[in-house]
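Residue numbers (the working numbering), protein chains in the order written: chain A, 1 to 110; chain B, 1001 to 1110. Contents: one structure, followed by commentary.
Protein chains: 2
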Amino acid sequence: MNKTTYLGELEQMILLVVLGQGDDAYGISIRNELDKRVGRKLSRSAAYTTLERLVSKGYLLTRMGDPDARRGGRAKRYYGLSAKGRAALRASGRALFELWAGHEHLLEEA
Amino acid sequence: MNKTTYLGELEQMILLVVLGQGDDAYGISIRNELDKRVGRKLSRSAAYTTLERLVSKGYLLTRMGDPDARRGGRAKRYYGLSAKGRAALRASGRALFELWAGHEHLLEEA
DNA sequence: GTTCATTTGTCAATTGTGTAGACAAAATGC
DNA sequence: GCATTTTGTCTACACAATTGACAAATGAAC
């Protein structure tokens, strides 16, 4: 069987954002939401490199958008979670929640 | 000011375990708890490498244990969170909880 | 007090993850 | 056609995670 690997810190965040954006997740929207929600700044290339890695690991599926975008610019590449991606996200989420249990008070400090 | 960096996936888990173990956290106990609680297996050297990195970043403080251990073996090196370590942990915890919000149901799947 | 097993920690080298910067494709408006 | 906007790709590097071999420091056996 496969050797178990773990999601990197950014990989996990990106999977979560893709999950939240449903069918509308593409490079720039993911990058923007990460900044807006948690202040995580990424260059475009950092986002794409990680997205591509997640695709090649089988955690994300991808497809090119329709070429008829209305407002100029290149076609979007959309991303969505695979079953394997959901499973990986679930596993790392469970581990984190387990380890955080009992320490939630720390989150409330100034 | 410092360029902002982020805790790696393992770094975060290790800080959480150190936080939980209070004054008793040392290399092997940390490694064992990670395995026991969340099934995360680490070689000893993987644990120490990461602990050392966290020390050099200023997230952990360390001291050698008393040399009078009762049951043989080398003296233990103990670890504890610094204020900076608590702050880093808080920041990454907040980001994770924010991104997980609304997706908790995923954690309950088979 | 030398040898043995046990427990813990260190080092060197490699692979995997995250980052930035320069570049280019594909569309629109003039 | 040419400039502008939006999005994606490529190359190269820095940082994080992992392994395997090694060694220090103690107690126990003799």
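C-beta atoms are modelled at their ideal positions from N, C-alpha and C, and glycine is treated no differently.
> Using 8 Å as the Cβ pair cut-off and three pairs as the minimum, do the region 49-62 of chain A and the region 31-40 of chain A touch?
Replying inline: no
> Taking a cut of 9 Å between CB atoms, which residues from the region 1009-1031 of chain B lie near chain A?
Replying inline: 1009, 1010, 1011, 1012, 1013, 1016, 1017, 1019 and 1020
> Does any residue of chain A bring its CB to less than 8 Å from the CB of residue 948 of chain B?
Replying inline: This structure cannot speak to residue 948 of chain B, because chain B is shown only from 1001 to 1110.
>> Assuming residue 1031 of chain B is part of the alpha helix (DSSP H), what are its boundary residues?
In response: For this step, residue 1031 of chain B is matched to residue 31 along the second sequence. Membership of residue 1031 of chain B in the alpha helix (DSSP H) is indicated by the continuous run 1027-1038.
> Does any residue of chain A bring its CB to less than 8 Å from the CB of residue 1103 of chain B?
Replying inline: The sequence position of residue 1103 of chain B within the second sequence is 103, counting from 1. So yes, residue 1103 of chain B belongs to the interface.
>> Tell me the rounded alpha-carbon separation between residue 1031 of chain B and residue 1021 of chain B.
In response: Your numbering for residue 1031 of chain B matches position 31 in the second sequence. Your numbering for residue 1021 of chain B matches position 21 in the second sequence. When rounded, the distance between both Cα atoms is 12 Å.
> Buried or exposed: where does residue 1005 of chain B fall if 16 or more other Cβ atoms within 10 Å of its Cβ makes it buried?
Replying inline: If you number the second sequence from 1, residue 1005 of chain B lands on position 5. Result: exposed.
>> Residues in the same chain with beta-carbon distance under 8 Å from residue 64 of chain A, minus the five sequence neighbours each way, listed in chain order, please.
In response: By 1-based counting over the first sequence, the position of residue 64 of chain A is 64. Excluding sequence neighbours, residue 64 of chain A sits near 75, 76, 77 and 78.
>> At the level of alpha carbons, what is the spacing between residue 112 of chain A and residue 7 of chain A?
In response: Any answer about residue 112 of chain A is impossible in this case: the structure gives chain A only from 1 up to 110.
> Excluding sequence positions up to five away, which residues of its chain have a Cβ less than 8 Å from the Cβ of residue 48 of chain A?
Replying inline: Here the question's residue 48 of chain A lines up with position 48 in the first sequence. Only 27 meet the Cβ criterion.
> Name the chain A residues whose beta carbon is nearer than 7 Å to that of residue 1090 of chain B?
Replying inline: Your numbering for residue 1090 of chain B matches position 90 in the second sequence. Result: 106, 107 and 109.
>> When you compare the CB positions of residue 89 of chain A and residue 50 of chain A, do they come within less than 8 Å of one another, or not?
In response: By 1-based counting over the first sequence, the position of residue 89 of chain A is 89. By 1-based counting over the first sequence, the position of residue 50 of chain A is 50. It is not a contact, given that the beta carbons lie outside the stated cut-off.
> Using the beta-carbon of each residue, which ones in chain A are nearer than 7 Å to residue 1006 of chain B?
Replying inline: Locating residue 1006 of chain B in the second sequence gives position 6, counting from the first residue. Neighbours of residue 1006 of chain B on chain A, chain order: 9.
> Any Cβ of chain B within less than 8 Å of the Cβ of residue 51 of chain A?
Replying inline: Position 51 of the first sequence, counted from the first residue, corresponds to residue 51 of chain A. No, residue 51 of chain A lies away from the interface with chain B (no Cβ there is under 8 Å from its Cβ).
> For residue 1025 of chain B versus residue 1080 of chain B, is the C-beta distance shorter than 8 Å?
Replying inline: Translated into the one-based positions of the second sequence, residue 1025 of chain B becomes position 25. Translated into the one-based positions of the second sequence, residue 1080 of chain B becomes position 80. Yes; because the gap between Cβ atoms is below 8 Å, this pair is in contact.
> Leaving out five residues before and five after residue 1033 of chain B in sequence, what residues of the same chain have Cβ atoms less than 6 Å from its Cβ?
Replying inline: Residue mapping note: residue 1033 of chain B aligns to position 33 of the second sequence, counting from 1. Answer for residue 1033 of chain B: 1017, listed in chain order.
> Interface residues of chain A around residue 1096 of chain B at Cβ under 7 Å?
Replying inline: Working through the second sequence from its first residue, we reach residue 1096 of chain B at position 96. Per Cβ cutoff of 7 Å: 96.
> In chain B, which residues lie with their C-beta within 7 Å of the C-beta of residue 158 of chain A?
Replying inline: Outside the shown range of chain A, which is 1 to 110, sits residue 158 of chain A, and nothing can be said about it.
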